[in-house]
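The next block holds one structure in the form of structure tokens; read it before the comments.
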Amino acid sequence: RKEVEQDPGPFNVPEGATVAFNCTYSNSASQSFFWYRQDCRKEPKLLMSVYSSGNEDGRFTAQLNRASQYISLLIRDSKLSDSATYLCAVKIKAAGNKLTFGGGTRVLVKP
Amino acid sequence: GAVVSQHPSRVICKSGTSVKIECRSLDFQATTMFWYRQFPKKSLMLMATSNEGSKATYEQGVEKDKFLINHASLTLSTLTVTSAHPEDSSFYICSASSFFSRDNEQFFGPGTRLTVL
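Those protein sequences? They're chains C and F, same order as listed.
With my numbering, the residue at position 106 of the first sequence is 106, and numbering never jumps.
Each number in my numbering comes from the position in the second sequence (counting from 1) with 1000 added on.
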């Protein structure tokens, strides 16, 4: 089983709609969680960290479910510019500062 | 935010040659640098972690004699792909972090696309 798994998609989303997707992790010692955005042939860029109580940044909402070992990302009022691959990443304190990435979820927002 | 550069951005080479990729932290001192590899439509896979002045720690399955990492200063790490072969063609991305960055955040370079003919 992969350490961090994501539905690869693509999620085809009408502009203005809401889309949500999850990321599951297998190691219960995982401590820090992140969502990154990666555009085609570019480096990943940090979108947001995910906090235990859930957090929101504009149209983006991230949540953590420790019991079921997954994090989620919800995008409201999708824009064409939201089209990208969204990577989740997990950090285990005992493993130092190493990030383990999921395979990414591709989102395509269409007019 | 902190800026990390990589050079070259793209390289095409013949099979059997060695390629050096540089990763620089431009406005902060990076105590740790990470090297990742990403194949098409796949995720980033950590290859190795390097701390300034010490030997790199390689992930399982990554050949340390093939992927030479040097982290000689707090602003520069290099990855040398020795005797490159077509299967080494990939997108190589570095990241850098500092003890002083919030949550030890990793700042990513723009990546180097390697094509081995």
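Ideal Cβ positions, reconstructed from N, Cα and C, are used throughout, including at glycine.
Predicted model only: the values in this text are computed from it and were never measured.
Would you verify that the beta carbon of residue i is, or is not, closer than 7 Å to some beta carbon of chain F?
i: residue 11 (chain C); result: no
i: residue 58 (chain C); result: no
i: residue 14 (chain C); result: no
i: residue 21 (chain C); result: no
i: residue 3 (chain C); result: no
i: residue 111 (chain C); result: no
Less than 7 Å between CB atoms is the rule here; does residue i satisfy it with respect to chain C?
i: residue 1104 (chain F); result: yes
i: residue 1110 (chain F); result: yes
i: residue 1117 (chain F); result: no
i: residue 1015 (chain F); result: no
i: residue 1090 (chain F); result: no
i: residue 1114 (chain F); result: no
i: residue 1012 (chain F); result: no
i: residue 1079 (chain F); result: no
Express the C-alpha separation of residue j and residue i in angstroms, rounding to a whole number.
i: residue 1050 (chain F); j: residue 53 (chain C); result: 33 Å
i: residue 102 (chain C); j: residue 1044 (chain F); result: 8 Å
i: residue 14 (chain C); j: residue 106 (chain C); result: 14 Å
i: residue 45 (chain C); j: residue 1024 (chain F); result: 17 Å
i: residue 1061 (chain F); j: residue 1046 (chain F); result: 11 Å
i: residue 1070 (chain F); j: residue 1056 (chain F); result: 8 Å
i: residue 28 (chain C); j: residue 69 (chain C); result: 7 Å
Under 7 Å, do residue i and residue j count as touching if we go by C-beta distance?
i: residue 1109 (chain F); j: residue 1011 (chain F); result: no
i: residue 50 (chain C); j: residue 71 (chain C); result: yes
i: residue 1098 (chain F); j: residue 1033 (chain F); result: no
i: residue 1048 (chain F); j: residue 1096 (chain F); result: no
i: residue 99 (chain C); j: residue 84 (chain C); result: no
i: residue 1017 (chain F); j: residue 1072 (chain F); result: no
i: residue 77 (chain C); j: residue 9 (chain C); result: no
i: residue 48 (chain C); j: residue 39 (chain C); result: no
What are the boundary residues of the beta strand (DSSP E) that residue i is part of?
i: residue 115 (chain C); result: This structure leaves residue 115 (chain C) out entirely; chain C is present only between 1 and 111.
i: residue 63 (chain C); result: 60-65
i: residue 55 (chain C); result: 55-57
i: residue 1024 (chain F); result: 1019-1025
i: residue 38 (chain C); result: 30-38
i: residue 1117 (chain F); result: Counting along the chain, residue 1117 (chain F) falls outside any beta strand (DSSP E), and DSSP gives it neither H nor E.
Can you check which of these residues, the options, is closest to residue i by C-alpha distance?
i: residue 1036 (chain F); options: F:1087, F:1059, F:1026 and F:1052; result: F:1059
i: residue 42 (chain C); options: F:1085, F:1071, F:1009 and F:1104; result: F:1009
i: residue 64 (chain C); options: C:80, C:82 and C:32; result: C:32
i: residue 30 (chain C); options: C:110, C:60, C:3 and C:86; result: C:3
i: residue 109 (chain C); options: C:1, C:5 and C:12; result: C:12
i: residue 81 (chain C); options: C:95, C:111 and C:96; result: C:111
i: residue 1090 (chain F); options: F:1100, F:1040, F:1105 and F:1106; result: F:1040
If you measure from the CB of residue i, is any heavy atom of the ligand FMN nearer than 6 Å?
i: residue 88 (chain C); result: The model on display carries no ligand, and the ligand FMN is accordingly not part of it.
Taking a Cβ distance cut-off of 8 Å, strictly less, list which residues of the segment 88-103 of chain C are near chain D, in chain order.
-> Absent from the structure is chain D; the protein chains it does hold are C and F.
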